[in-house]
DNA sequence: GTCTATACCTCGATAGAC
DNA sequence: GTCTATCGAGGTATAGAC
């Protein structure tokens with residue numbers, strides 16, 4: 001049987017990531033065994049160690065690649081030259097779109113932080129903090145431009161992110177509200193929370 | 001040594017709950033062993049089974065008593081005869097006050113849901129739903145009274161709860177903001193989100 | 001009520017054959 | 001790259017002595 005060298009390896013590697021993500025999201029890192037993951041991939045447990053040095057690295061890779069993808073998506077969506085109102089709208093839409101599309105990875109990213117080693121935890125936290133800083137910069141800009149009226153910038157930023165991420169706890173594909181409606185609803189809530197007048201349109205100072 | 005019969009048992013029972021809560025909050029249900037809990041309590045592992053039939057019941061009891069306390073606190077704080085604005089303020093303050101005072105129990109209540117058996121999960125979910133319904137009733141009332149302008153009631157309720165509960169992820173005793181300041185900040189955010197005019201005071205229609 | 005001892009199971013990780 | 005076999009550790013829960 002002719003088979004491209006390495007092609008089987010790539011299949012197993014991606015299956016490993018996919019099944020590990022699925023199982024850990026459902027049962028938790030500590031509750032999922034390497035044997036379970038191997039069974040889901042369709043190999044014996046020893047074979048997994050050709051792809052990951054240990055279980056911890058597997059978890060870290062899942063979280064790190066998720067955060068890297070999020071940061072990259074925001075870097076592409078943001079326009080630092082735009083008004084704060086406009087940037088805030090982009091942030092809200094990107095956050096919802098990105099997170100609702102990957103519920104399992106999002107779930108892992110806040111549920112499994114405590115199962116990281118201290119070094120790995122610090123790396124993930126730095127990326128998360130960088131993402132949060134993107135939002136607080138927008139809030140600071142909005143206050144300077146006079147379009148937003150809110151109190152403590154850090155608290156407001158954390159509140160907005162918590163509110164948006166919370167959508168993942170109840171959103172289900174094919175539910176009562178579609179993603180476009182959800183984006184609009186959350187956008188209205190966020191704009192009200194930071195004191196943007198109800199009549200103001202994004203993009204105007 | 002004269003000792004009140006049963007007093008030693010009560011001490012162990014409460015120590016068991018306290019240490020189990022602390023350890024599970026820190027490491028997760030699946031990662032904490034009955035041996036670890038026993039060591040923290042100061043007994044051997046066999047002794048724990050005089051207080052709980054198994055590990056699962058221990059987890060369920062911790063979550064159920066937390067939710068019961070929350071529902072009782074809200075029943076006492078709420079005034080169904082008041083205006084929606086006033087009731088919303090009470091809800092925000094109670095939620096923050098209650099949750100910031102019990103970070104470990106709050107953490108368990110959303111992190112360990114998946115480690116409950118289906119039956120136990122359904123019981124906890126019913127209590128959580130009942131709490132959420134308290135808020136959505138307020139939002140519906142506010143819309144009817146004309147003091148609030150928001151969209152989907154269920155989405156708005158979930159968004160508010162997620163925003164408020166998020167405070168637990170960053171709040172630390174003795175931090176930059178005290179609890180009174182935090183309550184005020186979140187109250188402003190919530191009132192803005194549901195479209196209560198910035199000038200309006202709670203208690204006014 | 002708590003102890004010691006233990007039954008029985010599953011874990012992560014490795015070794016060596018193919 | 002994957003298999004089988006295995007090591008040493010640690011898991012929940014129970015039995016029976018005190």
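Residue numbers (my numbering), protein chains in the order written: chain A, 1 to 205; chain B, 1 to 205.
Glycine included, each C-beta is placed from N, C-alpha and C at the ideal position.
Note that this is a predicted model, so its numbers are computed, not measured.
Residue burial classification, residue i (beta-carbon count within 10 angstroms, cutoff 16)
| i | result |
| --- | --- |
| residue 60 of chain A | buried |
| residue 49 of chain B | exposed |
| residue 11 of chain A | exposed |
| residue 172 of chain A | exposed |
| residue 26 of chain B | exposed |
| residue 220 of chain A | Coverage of chain A is limited to positions 1 through 205, which leaves residue 220 of chain A absent and any answer about it impossible. |
| residue 200 of chain B | exposed |
| residue 85 of chain A | buried |
| residue 130 of chain A | exposed |
| residue 18 of chain A | exposed |
| residue 3 of chain B | Any answer about residue 3 of chain B is weak, because its pLDDT of 40 lies below 50 and its placement is not dependable; what the coordinates show is given next. Exposed, because fewer than 16 other Cβ atoms sit within 10 Å of the Cβ of residue 3 of chain B. |
| residue 145 of chain A | exposed |
| residue 109 of chain A | buried |
| residue 14 of chain B | exposed |
| residue 125 of chain B | exposed |
| residue 191 of chain B | buried |
| residue 174 of chain B | exposed |
| residue 203 of chain B | Because the pLDDT at residue 203 of chain B is just 47, under 50, the model does not fix this residue reliably, and the value given afterwards should be weighed accordingly. Its Cβ having fewer than 16 others within 10 Å, residue 203 of chain B is exposed. |
| residue 44 of chain B | exposed |
| residue 193 of chain A | buried |
| residue 16 of chain A | buried |
Contacts of residue i in chain A (Cβ-Cβ under 9 Å)
| i | result |
| --- | --- |
| residue 27 of chain B | 30, 114 and 115 |
Closest Cα partner of residue i within the set the options
| i | options | result |
| --- | --- | --- |
| residue 206 of chain A | A:164, A:43, A:87 and A:177 | Absent from the model: residue 206 of chain A. The displayed extent of chain A is 1 to 205, so no value can be given. |
| residue 83 of chain A | A:67, A:148, A:130 and A:108 | A:148 |
| residue 93 of chain A | A:163, A:199 and A:20 | A:163 |
| residue 186 of chain B | B:140, B:42, B:100 and B:38 | B:100 |
| residue 207 of chain A | A:18, A:91 and A:120 | With chain A covering 1 to 205 only, the question about residue 207 of chain A has no answer from this structure. |
| residue 159 of chain A | A:38, A:189, A:16 and A:66 | A:189 |
| residue 22 of chain A | A:102, A:195 and A:81 | A:102 |
| residue 67 of chain B | B:95, B:28, B:52 and B:127 | B:127 |
| residue 79 of chain A | A:135, A:16 and A:179 | A:135 |
| residue 77 of chain A | A:63, A:62, A:98 and A:65 | A:98 |
| residue 176 of chain A | B:117, B:54, B:154 and B:34 | B:154 |
| residue 121 of chain B | B:194, B:106 and B:63 | B:63 |
| residue 142 of chain B | B:70, B:40 and B:197 | B:197 |
| residue 107 of chain A | B:24, B:104, B:106 and B:113 | B:113 |
Contact list for residue i against chain A, beta-carbon separation under 8 Å
| i | result |
| --- | --- |
| residue 111 of chain B | 111 |
Chain B residues whose Cβ lies nearer than 8 Å to that of residue i
| i | result |
| --- | --- |
| residue 20 of chain A | What residue 20 of chain A touches in chain B: nothing, since even the nearest Cβ is about 16 Å away. |
| residue 198 of chain A | 149 and 195 |
Per-residue contacts from residue i into chain A (C-beta, under 7 Å)
| i | result |
| --- | --- |
| residue 170 of chain B | 158 |
Extent of the continuous alpha helix (DSSP H) to which residue i belongs
| i | result |
| --- | --- |
| residue 95 of chain A | 84-100 |
| residue 132 of chain B | 118-145 |
| residue 112 of chain B | Unbroken run through residue 112 of chain B: none, as it is neither H nor E. |
| residue 60 of chain A | 55-77 |
Notebook entry, point to check: Between the region 153-168 of chain B and chain A, which residues of the former have a C-beta closer than 9 Å to a C-beta of the latter?
Noted result: With the criterion set as a beta carbon lying under 9 Å from some beta carbon of chain A, the members of the region 153-168 of chain B are 154, 155, 156, 158, 159, 160, 161, 162, 163, 164, 165, 166 and 167, in sequence order.
Note to self: Residues of the region 176-191 of chain B in Cβ contact with chain A at a cutoff of 9 Å, in chain order, please.
What the structure shows: Of all residues in the region 176-191 of chain B, 176, 177, 181, 182, 184, 185, 186, 188, 189, 190 and 191 have a Cβ within less than 9 Å of some Cβ in chain A.
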